[in-house]
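Numbering (this note's numbering), first residue to last: 312 to 640.
These notes concern the structure reproduced below.
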């Protein structure tokens with residue numbers, strides 16, 4: 312088939328363009344169309360392969376300032392959520408305690424922030440979906456709220472149980488903090504019904520002064536505290552996992568652990584780099600002062616990497632805290 316000649320200008324002002332819906336009239340036209348489509352296809356392919364950015368909000372950088380947030384590291388760097396995960400498989404930052412807001416609840420710090428080297432009564436509130444401070448919390452592991460503080464280098468761990476005022480203001484008696492960036496977490500369950508979800512919200516504060524970062528100790532499976540030795544007997548992987556610890560003293564198994572927070576031990580873990588918090592809940596029942604030597608936890612590590620683990624247990628009325636670095640595959 313041969314192309315029809317264009318009509319003279321007097322009969323038609325402009326030449327008719329070939330329709331893309333029908334067969335092209337000339338081989339040169341087909342090659343032109345193919346060449347023009349290649350850049351478009353390349354752009355579309357690049358758009359489809361770019362991973363989506365995380366959507367979870369993170370905690371604010373200054374105390375008392377609501378809003379989005381800061382992370383000690385930069386997105387995409389080693390150790391950050393999403394850096395080692397394919398698109399669509401990144402951990403949920405808000406579920407890992409790295410958001411100031413979640414499910415309509417928001418953590419607000421009422422004070423300007425702690426002062427270096429001095430104990431601080433830090434005041435804060437948890438705002439509900441209606442924007443007003445929440446005053447009704449469910450009892451969760453014997454407490455209405457668990458409060459944690461840890462510096463960006465995973466030192467200075469504190470686990471507190473603040474006091475709640477009638478107006479919804481919490482007061483946490485923080486011990487003196489060293490200079491540097493700290494993340495503060497509030498772990499609670501709103502008293503909205505039998506199926507209310509546990510929430511962990513956090514914000515960061517900067518303690519003035521010259522910070523002296525401490526290198527993270529190498530991963531290991533043994534830690535000591537006040538003459539006690541804690542040994543982990545399983546190496547976990549990211550996701551849900553069963554974690555077991557054994558407590559001993561002078562080489563002998565310890566069998567006189569006392570209840571602490573309705574369990575024989577409490578375990579908290581924080582991820583190096585972004586300070587994501589792992590949920591580790593004790594398994595088993597409490598039966599007087601006869602805990603140990605083996606302790607079992609249901610661990611949920613949202614991402615692989617090095618985690619600083621703090622295991623707290625009580626004997627003879629004294630609380631002990633053993634810390635170790637755990638490698639999660």
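No residue lacks a Cβ here, since even glycine has one placed at the ideal position from N, Cα and C.
Where residue i sits in the DSSP three-state scheme
i: residue 540; result: strand
i: residue 563; result: strand
i: residue 398; result: Bear in mind that the predicted position of residue 398 carries a pLDDT of just 36, short of 50, making it unreliable; the figure below should be weighed with that in mind. In the structure shown, residue 398 sits in coil (DSSP, three-state: anything other than H, G, I, E or B).
i: residue 487; result: coil
i: residue 450; result: coil
i: residue 526; result: coil
i: residue 514; result: strand
i: residue 622; result: strand
i: residue 579; result: strand
i: residue 424; result: coil
i: residue 617; result: strand
i: residue 630; result: strand
i: residue 602; result: strand
i: residue 546; result: coil
i: residue 590; result: strand
i: residue 571; result: coil
i: residue 693; result: The structure shown does not extend to residue 693, since the chain is modelled only from 312 to 640, so the question has no answer here.
i: residue 639; result: strand
i: residue 709; result: For the chain, the structure presents residues 312 to 640; residue 709 sits outside this window and is missing.
i: residue 477; result: coil
i: residue 457; result: strand
i: residue 412; result: strand
i: residue 482; result: strand
i: residue 500; result: coil
i: residue 597; result: coil
i: residue 506; result: coil
i: residue 445; result: coil
Expected contact under 8 Å - CB spacing of residue i and residue j to nearest Å
i: residue 422; j: residue 434; result: 5 Å
i: residue 613; j: residue 407; result: 5 Å
i: residue 551; j: residue 611; result: 5 Å
i: residue 593; j: residue 576; result: 6 Å
i: residue 424; j: residue 517; result: 7 Å
i: residue 475; j: residue 414; result: Not really, about 20 Å apart at Cβ, beyond 8 Å.
i: residue 427; j: residue 570; result: Not really, about 36 Å apart at Cβ, beyond 8 Å.
i: residue 473; j: residue 456; result: 6 Å
Beta-carbon proximity of residue i to residue j, cut-off 8 Å
i: residue 568; j: residue 558; result: yes
i: residue 484; j: residue 471; result: yes
i: residue 265; j: residue 607; result: The structure shown does not extend to residue 265, since the chain is modelled only from 312 to 640, so the question has no answer here.
i: residue 512; j: residue 418; result: yes
i: residue 548; j: residue 640; result: yes
i: residue 627; j: residue 597; result: no
i: residue 416; j: residue 450; result: no
Spatial neighbours of residue i in its chain, beta-carbon cut-off 8 Å, leaving aside the 5 residues before and after
i: residue 631; result: 536, 537, 539, 623, 624, 625
i: residue 443; result: 479
i: residue 560; result: 538, 539, 540
i: residue 430; result: 484, 485, 486, 487
i: residue 555; result: 543, 544, 545, 605, 606, 607, 608
Own chain partners of residue i with C-beta closer than 7 Å, once the 5 adjacent residues on each side are dropped
i: residue 582; result: 614, 616, 618
i: residue 506; result: none
6 Å Cβ shell around residue i - same chain, five flanking residues per side excluded
i: residue 572; result: 452, 453
i: residue 468; result: 461, 621
i: residue 525; result: 464, 466
i: residue 633; result: 534, 536, 541, 622
i: residue 579; result: 621
i: residue 590; result: 611
Q. Should the stretch 457-468 be called in touch with the stretch 480-488, which here means at least 3 C-beta pairs below 8 Å?
A. For the pair of segments examined, the stretch 457-468 was found to touch the stretch 480-488: the number of CB pairs separated by less than 8 Å reaches three.
Q) With a cut-off of 8 Å, do at least 3 Cβ pairs link the stretch 562-582 to the stretch 528-535? A) Under the Cβ criterion (8 Å, minimum of three pairs), the stretch 562-582 does not count as touching the stretch 528-535.
Q: Assess, as a yes-or-no matter, whether the stretch 498-506 is touched by the stretch 616-626 under the definition of 3 or more beta carbon pairs within less than 8 Å.
A: At 8 Å Cβ cutoff, the stretches do not touch.
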